[in-house]
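A.B. asks: The structure's right below; bear with me while I get my questions together.
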Amino acid sequence: METLLPAIAISLDGKELDPATLFPPERRDIWLEIGFGGGEHLAAQAANHLEIGYIGCEIFLNGIASALAHIDQQKLANVRIYPEDVRDLLGVLKPQSFARIFLLFPDPWPKARHAARRFVNQANLDIVARLLKPGGEFRIGSDDPTYVSWVMMHMARRKDFVWLAECASDWLVRPADWPPTRYEQKAIRQGRTPHYFRFRRV
Ligand SMILES: C[S@@+](CC[C@H](N)C(=O)[O-])C[C@H]1O[C@@H](n2cnc3c(N)ncnc32)[C@H](O)[C@@H]1O
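Using my numbering, you'd call the opening residue of the sequence shown number 1 and step up by one each time.
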């Protein structure tokens, strides 16, 4: 934590940040994960795609420590971490920087009076749309029935995203290139059904 985090942490200086400047020029694409939890998905994706620059954001200290352990053990040189509130980072990133953005099992805030705290809302979807390259992919996972309906309702209003599901198995079965997360595995153990949304930026 004391040595690796300072080496790969992203710091902001109030100016626009072009994520490409965080990686060597040969990185083919850059992917962004919002709220990576313990970092299982982040580490697996970064290890499976060494040609990709991977930015992970997480505010929970134990999660950051867990992700750093994965990064260290697997000697992943293609990961950068934003260890603070992701909303501060999203606001300064250069538009059309990412080929993929992941929002996996965001805090569901299932009570109606807390709905304003859900990450998925039209303002944040505007930001995600701005940050994705044309043809880029936005992935959302959720096991919470209220949040699943909420995602469908909000994404149905978007003209700038196309839902890639063609049949039920496309969103009820985790795609092969979507490594599991700790939160998802816990949800399955507790009898909840994860849903796997993939949207293409048009
Ligand atoms: C329910 S957990 C899911 C974690 C992980 N994606 C998984 O599937 O195992 C949601 C995560 O989002 C993180 N988070 C919530 N709000 C955040 C924010 N504003 N900035 C960064 N991370 C945030 C939380 O700390 C938590 O680790």
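Even for Gly, the Cβ is constructed at its ideal location relative to N, Cα and C. Since the structure is predicted, the reported quantities are computational estimates derived from the model, not experimental observations.
Ignoring anything shorter than 4 residues, give me the alpha helix (DSSP H) runs that lie fully in the stretch 97-145, in order along the chain.
C.D. replies: Those alpha helix (DSSP H) runs which fall completely within the stretch 97-145 and span 4+ residues are 122-131.
A.B. asks: Taking the alpha-carbon positions, what's the Leu-164 to Gly-135 distance?
C.D. replies: Within the sequence shown, residue 164 is the residue found at index 164, counting from 1. Within the sequence shown, residue 135 is the residue found at index 135, counting from 1. So the alpha carbons of these two residues sit roughly 12 angstroms apart.
A.B. asks: Check whether the Cβ atoms of Asp-107 and Arg-118 lie closer than 9 angstroms to each other.
C.D. replies: In the sequence shown, residue 107 corresponds to position 107, counting from 1. In the sequence shown, residue 118 corresponds to position 118, counting from 1. Contact flag set, yes.
A.B. asks: I'd like to check one pair, Ala-20 with Ile-30: are the Cβ atoms closer than 9 angstroms?
C.D. replies: On the sequence shown, residue 30 is found 30 positions in, with the first residue counted as 1. On the sequence shown, residue 20 is found 20 positions in, with the first residue counted as 1. Yes, the Cβ-Cβ distance between Ile-30 and Ala-20 is below 9 angstroms.
A.B. asks: Would you check whether ligand 1 has a heavy atom nearer than 8 angstroms to the C-beta of Asp-177?
C.D. replies: As a working mapping, residue 177 is identified with position 177 in the sequence shown. The answer is no for Asp-177.
A.B. asks: Using only CA atoms, which one of Leu-12, Val-202, Phe-197, Phe-199 lies nearest to Val-92?
C.D. replies: Taking the sequence shown and counting its residues from 1, one reaches residue 92 at position 92. Among Leu-12, Val-202, Phe-197, Phe-199, the Cα nearest to that of Val-92 is on Leu-12.
A.B. asks: Can Phe-119 be considered in contact with ligand 1, in the sense that its beta carbon sits closer than 8 angstroms to one or more heavy atoms?
C.D. replies: Indexing the sequence shown from 1 puts residue 119 at position 119. At least one heavy atom of ligand 1 is nearer than 8 angstroms to the Cβ of Phe-119, so yes.
A.B. asks: To the nearest angstrom, report how far apart Phe-199 and Arg-113 are at their CA atoms.
C.D. replies: If you number the sequence shown from 1, residue 199 lands on position 199. If you number the sequence shown from 1, residue 113 lands on position 113. If I take the Cα positions, the gap works out to 27 angstroms.
A.B. asks: Do you know offhand how far Asn-62's Cα is from Gly-38's?
C.D. replies: Reading the sequence shown from its first residue, position 62 is the one you call residue 62. Reading the sequence shown from its first residue, position 38 is the one you call residue 38. Cα to Cα, the separation comes out at about 8 angstroms.
A.B. asks: Report the start-end ranges of each beta strand (DSSP E) in the stretch 40-72 that is 3 residues or longer and not cut off at the edges.
C.D. replies: Correct list: 52-57.
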